[in-house]
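First comes the structure, then the notes that go with it.
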Amino acid sequence: MTTLVPGREPWETAAVVDESGGHAGRGPVLLLLHGMGATGDVWLPWAPYLEQHWPGRWLAPDLAGHGWAPPLASYSFAGFAQRIAQALAPDDRLVVLGHSLGGVVGLALAARAAGKPVDAVVGLGIKAVWSPVELTRAAELAARPVSWFATRAEAARRHLRVSGLAGLVPPDHPVVDAGLRQVDGRWRLAMDPAAFAVGEPDLAALLAATDVPVVLARGEHDPMVTDEQLKEYGVPVATLPGLGHNAHVEDPAAVLALLDPYR
Numbered sequence: 001m002t003t004l005v006p007g008r009e010p011w012e013t014a015a016v017v018d019e020s021g022g023h024a025g026r027g028p029v030l031l032l033l034h035g036m037g038a039t040g041d042v043w044l045p046w047a048p049y050l051e052q053h054w055p056g057r058w059l060a061p062d063l064a065g066h067g068w069a070p071p072l073a074s075y076s077f078a079g080f081a082q083r084i085a086q087a088l089a090p091d092d093r094l095v096v097l098g099h100s101l102g103g104v105v106g107l108a109l110a111a112r113a114a115g116k117p118v119d120a121v122v123g124l125g126i127k128a129v130w131s132p133v134e135l136t137r138a139a140e141l142a143a144r145p146v147s148w149f150a151t152r153a154e155a156a157r158r159h160l161r162v163s164g165l166a167g168l169v170p171p172d173h174p175v176v177d178a179g180l181r182q183v184d185g186r187w188r189l190a191m192d193p194a195a196f197a198v199g200e201p202d203l204a205a206l207l208a209a210t211d212v213p214v215v216l217a218r219g220e221h222d223p224m225v226t227d228e229q230l231k232e233y234g235v236p237v238a239t240l241p242g243l244g245h246n247a248h249v250e251d252p253a254a255v256l257a258l259l260d261p262y263r
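Residues 1 to 263 in full-length UniProt numbering are what the sequence shown lists, from first letter to last.
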């Protein structure tokens, strides 16, 4: 991951992907963090909404081991956050919107010990409770070798399943391209499978480690987490009517409205 080049057009792709855009010097920087298996390109459809409704710049980087971002030797939420922090300008004030894994990474970035100027975190669709079976399954996925596919179509379908975007994004959509790699005529996912080993987040500890405002949000029909589970943490909870786990893909405007108090 590299620091963004000033003056790039919104959402222009670089060799190491950090999608970006917005208005310099007109408010905090909005940091958009994707979920497990996705890439920063999942935020591409947000561009027109952000141009109209976000006063400052925005960044949508690939998390480590996803898209074009190099993998980590071992995965932790603090490790993901540290990689993101290394690419940020030291004087950037941040508002973080993170989906699922990205929401946990946002909380780690906002920790007092991290020393980053984070104004607020909105965590969308964070899975708060993990069963032993789910943790075992994640560890098994992390231990598997990379899967190879004969065609882009096969790899694209797998990427959409892993990222939770199946049924929401068509396989031939440009958003999918960042999640695929072609090598010697074969296709694979760009994601490092070992990222599944990041484990279960300790949300109580993460929330105790930050002093900034935090909102935990979920789509009304998100099967990954319930309102009751989120309310256990004593921070504001927002439920988005009619939406599922990938609410930011289903209705960008509804999710963007959660950021209105922090513009």
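Just so it is clear, CB atoms sit at the ideal spot from N, CA and C, and this is done for glycine as well.
Hey, out of the options, whose CA is closest to residue i's CA?
{"i": "T239", "options": "V133, L207, T226, A139", "result": "T226"}
{"i": "E154", "options": "D172, L141, P61", "result": "D172"}
{"i": "L63", "options": "L30, V96, D92, G102", "result": "G102"}
{"i": "A204", "options": "D192, A190, L189, L230", "result": "L230"}
{"i": "W130", "options": "Y75, T151, M224, N246", "result": "M224"}
{"i": "A197", "options": "A143, V237, G40, G167", "result": "A143"}
{"i": "A107", "options": "D91, D92, G79, A87", "result": "In the sequence as presented, Ala is not what sits at residue 107; that position holds Leu. Nearest of D91, D92, G79, A87 to L107, Cα basis: G79."}
{"i": "I126", "options": "M191, G199, E140", "result": "G199"}
Since I believe residue j is in contact with residue i (beta carbons under 8 Å), could you give me their beta-carbon distance rounded to a whole number of angstroms?
{"i": "A69", "j": "A114", "result": "A69 to A114, Cβ: 19 Å. No contact."}
{"i": "D119", "j": "Y233", "result": "So it is not a contact: roughly 19 Å between Cβ atoms."}
{"i": "I84", "j": "P61", "result": "6 Å"}
Between the C-alpha atoms of residue i and residue j, what's the straight-line distance to the nearest angstrom?
{"i": "L44", "j": "V175", "result": "7 Å"}
{"i": "A217", "j": "L124", "result": "5 Å"}
{"i": "K116", "j": "V122", "result": "16 Å"}
{"i": "E134", "j": "A128", "result": "12 Å"}
{"i": "V215", "j": "L258", "result": "8 Å"}
{"i": "V235", "j": "H159", "result": "33 Å"}
{"i": "S163", "j": "D184", "result": "24 Å"}
{"i": "P213", "j": "R186", "result": "46 Å"}
{"i": "D260", "j": "P145", "result": "43 Å"}
{"i": "L32", "j": "V105", "result": "11 Å"}
{"i": "A73", "j": "L97", "result": "26 Å"}
{"i": "W148", "j": "R181", "result": "10 Å"}
{"i": "G40", "j": "A247", "result": "15 Å"}
{"i": "T210", "j": "A111", "result": "4 Å"}
Closer than 6 Å by C-beta to residue i: which residues in its own chain qualify, once you throw out the five before and the five after it? Chain order, please.
{"i": "H221", "result": "G244"}
{"i": "A208", "result": "none"}
{"i": "A138", "result": "F196"}
For residue i, list the residues DSSP reports as bridge partners.
{"i": "W148", "result": "Partner(s): none; W148 has no beta bridge."}
{"i": "V183", "result": "R186"}
{"i": "W130", "result": "DSSP output for W130 lists no bridge partner at all."}
{"i": "V96", "result": "L31, V121"}
{"i": "W46", "result": "Answer is none; W46 lacks a bridge partner."}
Please work out which residues of its chain come closer than 7 Å, Cβ to Cβ, to residue i, disregarding the five sequence neighbours upstream and downstream, and give them in chain order.
{"i": "P252", "result": "P45, W46, Y49"}
{"i": "L109", "result": "A81, I84, A85, V96, K116, V118"}
Just to confirm my understanding: we take residue i, look at its own chain, exclude 5 residues before and 5 after, and list those with CB closer than 8 Å. What are they?
{"i": "A38", "result": "H66, H99, S163, G164, L165, G179"}
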